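First the structure, in the form of structure tokens, and then the observations on it.
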Amino acid sequence: MALKVQSFKGMPMDIEFGIEKNKVYLLQARPITNLKKYAEFNVWDNSNIVESYSGVTTPLTFSFIRRAYFAVYWQFCQTIGLDKKTILKNKYVLENMLG
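In our numbering, the protein residues as written are 7 to 105.
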């Protein structure tokens, strides 16, 4: 349904729908106004992290390793000579390296 509405309107749409008696009804659709356009896709790969944290990762473990990765890569950026402005500009990336 979402792809049909997008095709009809010519843009990505935020849709709401309801189901009654196994039939899907479109209730409303509006343009997605904050959709960022990226030329690239992010690829998430856990091949490195699973070597140290195999199996299901609990929220406590995830919160710890997320902070640890942030700190390590922040320090790495400083070590290789990146200026603080550049590091801060990419803080979001460093904070979300594990997803």
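Cβ atoms here follow ideal geometry from the backbone N, Cα and C, with glycine treated the same way. For clarity, every value in this text was computed on a predicted model and none was experimentally measured.
Within 10 angstroms of the Cβ of Asn7, are there 16 or more other Cβ atoms? Answer buried if so, exposed if not. Checking the sequence, you will find Met at residue 7 rather than Asn. Exposed, because fewer than 16 other Cβ atoms sit within 10 Å of the Cβ of Met7.
How about Asp51 and Ile38: are their beta carbons less than 8 Å apart? no
Segment limits, beta strand (DSSP E) that includes Glu57: From DSSP, Glu57 is part of no beta strand (DSSP E); its letter is neither H nor E.
List the whole-angstrom C-beta distance separating Leu100 from Phe76, where the pair is believed to meet the contact cut-off of C-beta under 8 Å. 5 Å
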